[in-house]
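Peer 1:
Protein chains in written order, with the numbering used here: chain A, 1 to 135; chain B, 1001 to 1185.
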């Protein structure tokens, strides 16, 4: 059901727009973190597991991660290959949740990222899209 | 119209072009980020101007460095006689400061210090202050100040602290004021 078909029923309107809102929200979150990692990579090297956070390898990994997040964010916001982007995002977030859980235990950060992981899974499973860049 | 199907999604020319442009732009930003990784604040004074010359930042290329010379031979910081720095309370950092010296750390200070430990050692009219990254015996900052000075830890975002782990050193720093609250380092 699209937004027009939802008519004046607020529940139906929310139902119609929720997948789009979820997709765009997830995209903006990824874009924000991706940009931050690209502009200030040194602030993120502490999150790279195993590798010394002062190493150039950690810096390169943060930049690669930031690049991927940025591309995924743009794809999600524009609705280009959104399902693929959401699927890759879910895998990335799952890796982050597991990595943080093993290195620092279950924490507030892990709980927050678990929520974003759930959002990515929901977007991946969604097939009702509006505001997508077609053509 | 050129269209391809990827994982059940149809991607057209405009969509593909938009994502490609984003990928190239992000790659350029990554190259820029590699050569300018951003400065770590720990060891420096976070950009607060002081009235006693430039702060001696212990960072280089985004990599925190210990200051062996300062750690090995902590001599009292020469206090130039000039105009005092700004009042710490008048800087944007004021609301993010946690007092380390004098006194004992409050619970909120201990939370802000996640990932760091410090020692203070009074010696006559001066105090030797040393900051360590948790789990390391190498100091990230060590200096000696007049005992009347105050040492604060700056933590701009507690959201990157989890338990005793500091995930982002970029928003942490140390600032020192004189007894009247003017920034000296």
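We treat Cβ as the ideally placed atom computed from N, Cα and C, and that holds for glycine. From a predicted model like this one, the values you see are computed outputs, not experimental measurements.
#1: How many Å lie between residue 97(A) and residue 1150(B) at the Cα?
#2: Kindly indicate which three-state DSSP category residue 131(A) falls into: helix, strand or coil?
#3: Say whether chain A places a C-beta atom closer than 8 Å to the C-beta of residue 1014(B).
#4: Can you check which of these residues, 1006(B), 1123(B) and 1117(B), is closest to residue 1132(B) by C-alpha distance?
#5: Give the secondary structure of residue 1009(B) by DSSP, where H, G and I count as helix, E and B as strand, and everything else as coil.
#6: At the 8 Å Cβ level, is residue 98(A) part of the contact set with chain B, yes or no?
#7: On a CA-only basis, which of 63(A), 15(A), 53(A) and 110(A) is nearest residue 1025(B)? Give me that one, please.
#8: Looking only at C-alpha atoms, which of 1184(B), 1100(B) and 1112(B) sits nearest to residue 1129(B)?
#9: What is the DSSP secondary structure of residue 1061(B), counted as helix, strand or coil?
#10: Could you spell out where the beta strand (DSSP E) holding residue 1184(B) opens and where it closes?
#11: Which ranges would you report for the alpha helix (DSSP H) in the stretch 40 to 109 of chain A if only whole runs of at least 4 residues count?
#12: Anything in chain A within Cβ reach of residue 1027(B), meaning under 7 Å, just list it in chain order.
#13: I want to verify the contact list: residues of chain A whose CB lies under 7 Å from the CB of residue 1211(B), in sequence order.
#14: Have a look at residue 19(A) and residue 1016(B) and give me their C-alpha separation to the nearest angstrom.
#15: Counting Cβ pairs closer than 8 Å, one from the stretch 60 to 75 of chain A and one from the stretch 29 to 47 of chain A, do we hit at least three?
#16: Taking its Cβ as the centre, do 16 or more other Cβ atoms sit within 10 Å of residue 42(A), making it buried, or is it exposed?
#17: On a CA-only basis, which of 67(A), 127(A) and 115(A) is nearest residue 40(A)? Give me that one, please.
#18: Kindly give me the distance between the Cβ atoms of residue 1122(B) and residue 1177(B), rounded to whole angstroms, as I take these residues to be in contact under 8 Å.
#19: Do we get a CB-CB distance below 8 Å when we pair residue 1018(B) with the residues of chain A?
#20: Between the beta-carbon of residue 86(A) and the beta-carbon of residue 58(A), is there less than 8 Å?
#21: Would a check of beta-carbon distances place residue 1132(B) closer than 8 Å to chain A?
#22: Should residue 130(A) be listed as close to the ligand NAP, given that the test is whether its C-beta is under 7 Å from any heavy atom?
#23: Could you please give the first and the last residue of the uninterrupted alpha helix (DSSP H) stretch that includes residue 1108(B)?
#24: May I ask you to report which of helix, strand or coil DSSP gives residue 122(A)?
#25: At 7 Å on the CB atoms, spell out the chain A contacts of residue 1037(B), in chain order.
#26: Under a CB-based cut-off of 8 Å, is residue 1030(B) close to chain A?
#27: Based on DSSP bridge pairs, tell me the residues matched to residue 20(A).
#28: Straight-line CA distance for residue 1037(B) to residue 1028(B)?
#29: Would you say residue 121(A) faces chain B, with C-beta separation under 8 Å as the test?
#30: Return the CA-CA distance between residue 101(A) and residue 1152(B), expressed in angstroms with no decimal places.
#31: Can you tell which of 1092(B), 1031(B), 1124(B) and 1032(B) has the C-alpha that lies nearest to the C-alpha of residue 1154(B)?
Peer 2: On the basis of the coordinates in this document:
#1: 39 Å
#2: coil
#3: yes
#4: 1117(B)
#5: strand
#6: no
#7: 63(A)
#8: 1100(B)
#9: Residue placement at residue 1061(B) is poorly supported in this model, since its pLDDT is 34, which falls under 50; the coordinates still yield a value, given next. Reduced to three states, the DSSP call for residue 1061(B) is coil.
#10: Here residue 1184(B) belongs to no beta strand (DSSP E), and DSSP marks it neither H nor E.
#11: 56 to 78 and 82 to 104
#12: 67
#13: In the structure as shown, chain B starts at 1001 and stops at 1185, and residue 1211(B) therefore has no counterpart that could be examined.
#14: 22 Å
#15: yes
#16: buried
#17: 67(A)
#18: Not confirmed; about 18 Å, so no contact.
#19: yes
#20: no
#21: no
#22: This structure lacks the ligand NAP; in fact it carries no ligand of any kind.
#23: 1107 to 1112
#24: helix
#25: 41, 42 and 59
#26: yes
#27: BP columns for residue 20(A) are empty, so no partner.
#28: 13 Å
#29: no
#30: 31 Å
#31: 1092(B)
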